[in-house]
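Have a look at the structure below before the remarks.
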Amino acid sequence: MPQRSKGPRLYERPPRRDQSGKITHAGVWVIRDGPITVSTGCGPDDKLGAERALTSYLAKKFSEVKGQPRGPGEAVYIAEVLSLYGSEAAPKKEGDRRILSARIDKLLEWWGDKAVADVRRTTCRDYVAWRTKQRIRHAKTSTRTVSQPTARRELVVLSAAINYWHAEHPLPALPVVWLPEDSKPRHTFLDRGQAAKLLAAALGFYRDKTGTIYRRGKSARANRAHIARFILIGLYTGTRHSAMTSLTWGPSASSGWIDLQRGVMHRRGAEESETKKRRPPVRLQQRLLAHLRRWDRIDSAMRLEGGGGITHVIHHGGVPIASKVRTGWEGVRDDAGLGKEFVPHILRHTCGTWLAQRGVEVWEAAGYLGMTAAMFERVYGHHHPDFQTTASKALSGPGRR
């Protein structure tokens, strides 16, 4: 039986020397694809650049054949599976597309030269081990590496891509993508004092080591203006991260928008379909509505280069937030004296907790957040003032033993 092709892969070609031993051609990473050899132009010390070149090579090669059925015994490569999924199943929102694209790029670095038949529990574990040794690009310190939940989310994309291919061109055997244990749910929420500190930090206030309060300069405060809006909208509506950053001031077919006249936030556009992560309209709290009207007046008075106006509610100098709020949040969190466990999602969790603590009916609070009543009761029910009161009273009444 002929040996199966290994597919496109990297090979470090050593330096070439003449008869005297002098180097005539420096060492270089090349791509081997059967009888074809393509130079990446990257030296031995530039493995990352070589991996990027391989990713581009794979994408170009499989862009012409993606989605084509295979003959008996012919391998289907992960690169073409991911290419098909990324082009046909990509989400409509720019931010979500960026996230999916980044995850596919990382998957291609490791899985790009492998076949679907190579997907096993051991190879998935090897991927997680490889991924969790990589440094986070935006991290402030070189010691911070990719987390296991991040690798898990990337493997979820791999699983979805394989299933997407299989639905169109059934595979001889559908592999099961092994997933590491998911991160434990966070039970942390902001109390009123912590929320106030976080908002104050977004407005530029901070304390030095002696406890003296200072305020950052005008430029620094301007750089954090979008974080203040993000915090207030998150606390008062419990809206998910991506839905908040895509909000616009006027009606939109592709994203959520604010109806200042009716006092309603539409979390999704008119032409957007509903997903498992529900995005129902929400009635705006009066304080938040006042803030939104004030922000609208500020934004309406501004004009960008070229004469255009500001379209998005949360923006940085008039430019929409293309990805997740990250660096600005970390700076505000540090100035507020809060730990790393306080991530942006805590705003949604805090809103749900406060609703439960105030005794809001489960069905109404669940609808406000965009989740099922069962989910709300499971996550936030223990914060409700009526939590297990009947059971507790039953054990406290006459006749107890």
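Under the numbering used here, residue 398 is the last one in the sequence shown; the count climbs by one each step, no gaps.
Even glycine gets a Cβ: it sits at the ideal position worked out from N, Cα and C.
None of these values were measured; they are calculated from a predicted model.
Quiz item: Any idea what DSSP makes of Met372, helix, strand or coil?
Solution: helix
Self-check item: Cβ-Cβ separation, Ile228 to Leu196 (assumed contact under 8 Å), whole Å
Solution: 5 Å
Self-check item: Beta-carbon contacts of Asp293 that lie in its chain and below 7 Å, excluding the five residues immediately before and after
Solution: Trp246, Leu257
Practice problem: Count the other C-beta atoms from every protein chain shown that fall within 10 angstroms of the C-beta of Asp15, then say buried if there are 16 or more, exposed otherwise. | Solution: exposed
Quiz item: Got a sec? Which residues, its chain only, sit under 7 Å from Met241 by beta carbon, not counting five neighbours each side?
Solution: Phe227, Ile230, Gly231, Ile311
Practice problem: Would you kindly report the start and end of the unbroken beta strand (DSSP E) that includes Arg259? | Solution: Unbroken run through Arg259: none, as it is neither H nor E.
Exercise. Output the distance between the C-alpha atoms of Leu155 and Thr308, rounded to the nearest integer angstrom.
Key: 35 Å
Quiz item: Just checking, does the segment 383 to 394 make contact with the segment 247 to 256 on the three C-beta pairs under 8 Å criterion?
Solution: no
Exercise. Please work out which residues of its chain come closer than 6 Å, Cβ to Cβ, to Tyr416, disregarding the five sequence neighbours upstream and downstream, and give them in chain order.
Key: Any property of residue 416 remains undetermined from this structure, which presents the chain solely from -2 to 398.
Practice problem: Starting from Leu7, follow the beta strand (DSSP E) in both directions and report where the run begins and ends. | Solution: 6 to 10
Self-check item: Per-residue DSSP class, three states only, for Thr236
Solution: coil
Practice problem: Run through the segment 197 to 244 for me and flag every whole beta strand (DSSP E) of 3 or more residues, listed as ranges in chain order. | Solution: 202 to 204, 210 to 212
Self-check item: Proximity winner among Ser270, Thr37, His223, Thr140, relative to Pro88 (alpha-carbon distances)
Solution: Ser270
Self-check item: Endpoints, the beta strand (DSSP E) within which Val25 is located
Solution: 25 to 30
Quiz prompt | Neighbourhood of His288 by C-beta distance below 7 Å, restricted to the same chain and skipping five residues each side | solution = Leu229
Quiz item: Beta-carbon separation of Pro341 and His238 under 8 Å?
Solution: yes
Quiz prompt | Distance, Ser80 Cα to Ala409 Cα | solution = Past the edges of the chain, shown from -2 to 398, lies residue 409, and the structure says nothing about it.
Quiz item: beta strand (DSSP E) containing Ile343: first to last residue?
Solution: Looking at the DSSP string, Ile343 is not in any beta strand (DSSP E); the run it does join, the alpha helix (DSSP H), is 343 to 354.
Practice problem: Would you tell me roughly how many angstroms separate the C-alpha atoms of Pro(-1) and Thr34, rounded to the nearest one? | Solution: Confidence at Pro(-1) is low in this model, with a pLDDT of 45, below 50, so the placement of that residue should be treated as unreliable; the coordinate-derived value is given next. Looking at the two C-alpha atoms, the distance is approximately 21 Å.
Practice problem: Note down the Cα distance separating Cys348 from Ala363, rounded to an integer number of angstroms. | Solution: 11 Å
Quiz item: Which stretch, first to last residue, makes up the alpha helix (DSSP H) that contains Thr147?
Solution: 145 to 165
Practice problem: Throw me the rounded Cβ distance for the Thr52 and Asp102 pair, which I believe falls under 8 Å. | Solution: 6 Å
Exercise. Pull up the distance between the alpha-carbon of Arg291 and that of Ser297, whole angstroms please.
Key: 10 Å
Self-check item: For Val174 and Gln354, the rounded distance between their alpha carbons
Solution: 40 Å
Practice problem: With DSSP collapsed to three states, give me the class of Gly38. | Solution: strand
Quiz item: DSSP three-state call for Arg141: helix, strand or coil?
Solution: coil
Self-check item: First through last residue of the beta strand (DSSP E) which encompasses Thr21
Solution: 20 to 22
Quiz item: Considering only C-alpha positions, which residue in the set Arg29, Pro11, Ile20 is nearest to Asp42?
Solution: Pro11
Self-check item: Cα-Cα separation, Ala126 to Leu55
Solution: 23 Å
Practice problem: Consult DSSP for His431 and reduce its assignment to one of helix, strand or coil. | Solution: Residue 431 falls outside the range modelled here, since the chain spans only -2 to 398, and no answer is possible.
Quiz prompt | Rounded separation between Glu85 and Lys206 - CA only | solution = 53 Å
Self-check item: For Ala363, the three-state DSSP class (helix, strand or coil)
Solution: helix
Quiz prompt | Arg213 beta carbon less than 8 Å from that of Ala199 | solution = no
Quiz item: By a C-beta neighbour count over all protein chains shown, 10 Å radius and 16 as the cutoff for buried, is Lys273 buried or exposed?
Solution: exposed
Quiz prompt | Residue span of the alpha helix (DSSP H) that contains Ser389, given as start and end | solution = 386 to 391
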